[in-house]
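First up is the structure itself, then whatever we jot down about it.
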Amino acid sequence: MRIFTICIFLYATFFIASADKKIVCFWGTWATYRQGYGKFDVENIDPTICTHIIYSFLGASSNGDVKYLDSYLDLSDNFGRGYIDKFIALKSKSPSTKFLMSIGGWSAYSAVFSQIASSASTRNAFA
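In terms of my numbering, the sequence shown has 106 at position 125, counting the first letter as 1, and numbering is strictly consecutive.
Written out as structure tokens, the structure reads:
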């Protein structure tokens, strides 16, 4: 009986711990421009292994608008690759996964975010 109780306790502990576990995956769009084995397109993302997936990056303008940093890659317009639409379509493969967009990145200028933060109207536009 003692072994059975210990097994139930361990199982319950593991179940509770794994239920709260978050696996956050970060996909840098620049990986599509790599050559060879380093190349990683949106089609290579397996959404079933992540609880959250972050698409990076989008940018921001000084008036608080979100903007595309690589419109050829992000959009399908003008024969673009349409990665944002493909990223969103991954939701159908894993409905419980949270899909997020990251704003900023290496090429983002901190001055833009300072300008956004400087007035209530641009903060509201950005939010």
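Note that CB positions come from ideal geometry on N, CA and C, so glycine has one too. These numbers were taken from a predicted model, which means no experiment stands behind them.
Next on the checklist: If I measure Cβ to Cβ from I145 and keep anything under 7 Å in the same chain, skipping five residues before and after, which residues do I get?
Outcome noted: Outside the modelled stretch of the chain, which goes from -18 to 108, sits residue 145, for which no answer is possible.
Checklist entry - Can you check whether the CB of T13 is closer than 8 Å to the CB of L54? => result The answer is yes: Cβ separation under 8 Å.
Next on the checklist: For I4, count the other beta carbons within 10 Å of its own beta carbon; 16 or more makes it buried, fewer makes it exposed. Which is it?
Outcome noted: The residue in question, I4, is exposed, as its Cβ has fewer than 16 Cβ neighbours within 10 Å.
Item to check | Identity of the residue in D51, N105 and T32 nearest G86 by Cα | outcome: Nearest C-alpha to G86: D51.
Checklist entry - Going by alpha carbons, who is nearest to Y64 out of K79, F21 and G17? => result For the residues K79, F21 and G17, the minimum Cα distance to Y64 belongs to F21.
Next on the checklist: Nearest by alpha-carbon distance to Y36: which of A106, S102 and V23 is it?
Outcome noted: Taking only the C-alpha atoms, the option nearest Y36 is V23.
Checklist entry - Quick one, which of G40, Q16, Y18 and F68 has its alpha-carbon nearest S91's? => result G40
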